[in-house]
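See structure below.
Residue numbers (my numbering): 3 to 195.
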């Protein structure tokens, strides 16, 4: 059964289908919520709220094939709401559970790479809400500018503009942190995430 069929079953009220969708998206949803909110605890609440909203409003989804876009919209808006309420941060390494140590890499190199990731994430967190969100979607979630525009309900040119401005601000922030130009290893989709 493909995802669209599962979404249709969920819209018909089948809890098993909703459980399947939850299992498919819970990690991505949590990661997105955490990257936007910066709070582990708030992220749990955001994801729970987003999935409840998703289920309660399941019949409002007109195109079952667009479920992920719809879910990301709900998560993003919910995370923004939480961000307005409070500003808390947890250590960034908690959200990067996908990070696997490379056994061929020396322990020193692993520590340096994690420090670089932490510095990049710190710079991302300093961006304004809209720039931070497009950076998270583009680099951390690996979405295209078109997909981001659809999720945020704006023009693709707006997303590109926000990315361009964010990259400039990130370059400046990283320079201020002591990075040299040749140390910057983020371009297009190849970033030190």
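For every residue, glycine included, the Cβ atom is placed at its ideal position computed from N, Cα and C.
- By the beta-carbon neighbour count (other beta carbons within 10 angstroms, threshold 16), residue 133 is buried.
- Exclusion of the five residues before and after residue 11 leaves 19 as the residues of its chain whose Cβ lies within less than 7 Å of its Cβ.
- Take residue 175, set aside five residues on each side of it, and the residues of its chain with a beta-carbon closer than 7 Å to its own are 125, 128, in chain order.
- Between residue 140 and residue 150 a beta carbon distance of about 6 Å is seen, short of the 8 Å cut, so the two are scored as contacting.
- The three-state secondary structure of residue 129, taken from DSSP, is coil.
- A straight-line Cα-Cα distance of about 32 Å links residue 156 and residue 179.
- Cβ-Cβ distances below 7 Å link residue 60 to 12, 13 in the same chain, with the five nearest sequence neighbours on each side left out; the list follows chain order.
- Spatial neighbours of residue 48 in its own chain (CB-CB distance under 7 Å, excluding positions within 5 residues in sequence) are listed in chain order as 35, 39, 77, 80, 81, 84.
- Exclusion of the five residues before and after residue 24 leaves 53 as the residues of its chain whose Cβ lies within less than 7 Å of its Cβ.
- In the DSSP assignment, residue 51 falls within the unbroken alpha helix (DSSP H) covering 42 to 58.
- Approximately 12 Å separates the beta-carbon atoms of residue 137 and residue 147; this is outside 8 Å, ruling out the contact.
- Ranked by how close their Cα comes to the Cα of residue 56, the residues 167, 21, 177 have 21 in first place.
- DSSP places residue 64 outside any alpha helix (DSSP H), giving it a letter other than H or E.
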